[in-house]
Ligand code: GLP
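Numbering (the numbering used here), first residue to last: 13 to 260.
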């Protein structure tokens, strides 16, 4: 696992965007795995900035998002469809039919999960998967206890995750109880993984990511088994890890 230490959120975002842009430029029909949340927002702003400046082409890029809330309409302001449209897709002119997110409003969510897996496979597989990390170690919405063999599936969100994400909703109660997420085995099939972490609220989980055994009690630990994983974390997220190093 390669660890890149960034000074702050801004530097983390710039470095992450550079890695994504390298992928897009080296393979113009790259398949990108994308994430949502506060951590990756700055990275998307950097990609938009680059697009305005350099007109990097996304004409042949395909994207697959990690997850979507169940029961929210695509147009809902809190859906990840809306997040991606506003924060990235509409600003880099990627053809909408090349962008894929799980459909959380499908009447048959199980069938929707299988269909999502089939489209990923038909695309040739994900070249680079961008990940954030939950404070409890979730990746996508694979909560503690998720099977490492899981494919795209429906999950019940942990109360701590609903609370962490409630800042985006009018109230705690409005955060959906369920979501559709790419599974851990789906994520692990990506050719490269890029995980970002920022802020003191991630310091404890970043410490665990390096020091805990690989266990599904902390789903993110599985990425240690991937042959090509890069982590970019800022000083706040690294504070516990670096403090432990100093006293070692
Ligand atoms: C959310 C998303 C994840 C995201 C993570 C961290 O619940 N489902 O894909 O990576 O939790 O979010 P944030 O970056 O806002 O801390």
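Even for Gly, the Cβ is constructed at its ideal location relative to N, Cα and C.
Can you pull the DSSP bridge partners for residue 46? For residue 46, DSSP records a beta bridge to 77.
Assuming residue 131 contacts residue 198 (C-beta within less than 8 angstroms), just tell me the rounded distance between them. So it is not a contact: roughly 11 angstroms between Cβ atoms.
Hey, is residue 144 close to the ligand GLP, as in C-beta under 8 angstroms from one of its heavy atoms? Yes, the Cβ of residue 144 comes within 8 angstroms of a heavy atom of the ligand GLP.
Three-way DSSP call (helix, strand, coil) for residue 118 in this model: Looking at residue 118 - three-state DSSP - the assignment turns out to be coil, as it is neither helix nor strand.
Using the Cα positions of residue 121 and residue 165, report the straight-line distance between them to the nearest angstrom. 8 angstroms
Which partner residues does residue 17 have in the DSSP bridge list? According to DSSP, residue 17 bridges with 245.
Could you check which residue in 196, 195, 194 and 177 has the C-alpha nearest to that of residue 188? 177
Check whether the Cβ atoms of residue 51 and residue 79 lie closer than 9 angstroms to each other. no
Can you look up residue 110 in the DSSP assignment and give me helix, strand or coil? Helix, per DSSP.
What residue does the beta strand (DSSP E) around residue 190 start on, and which one ends it? 190 to 193
Does the beta carbon of residue 29 fall short of 8 angstroms from some heavy atom of the ligand GLP? no
When DSSP labels each residue in this structure, what does residue 205 get in the three-state scheme? The three-state secondary structure of residue 205, taken from DSSP, is strand.
Residue 240 to residue 25, Cα distance in whole Å? 19 angstroms
So what's residue 147 in DSSP terms, helix, strand or just coil? Of the three classes helix, strand and coil, the one that applies to residue 147 here is coil, per DSSP.
Outcome for residue 259 when other beta-carbon atoms lying within 10 angstroms are tallied against a minimum of 16: exposed
Does the distance from the CB of residue 235 to the CB of residue 205 come in under 9 angstroms? The Cβ-Cβ distance between residue 235 and residue 205 falls below 9 angstroms.
Residues that residue 154 bridges to, as DSSP identifies them: 151
Drop a sphere of 10 angstroms on the beta-carbon of residue 105, count the other beta-carbons inside from all chains shown, and report buried for 16 or more, exposed for fewer. exposed
Assuming residue 268 and residue 242 make a contact with CB atoms under 8 angstroms, what is their CB distance in whole Å? Given a span of 13 to 260 for the chain in the structure shown, any question on residue 268 remains unanswerable.
I think residue 147 touches residue 255, with their Cβ atoms under 8 angstroms apart; what is that distance to the nearest whole Å? That belief does not hold up - the Cβ atoms of residue 147 and residue 255 are roughly 18 angstroms apart, past 8 angstroms.
I believe residue 145 touches residue 151 by the beta-carbon criterion, under 8 angstroms. Please report the beta-carbon distance rounded to the nearest angstrom. 6 angstroms
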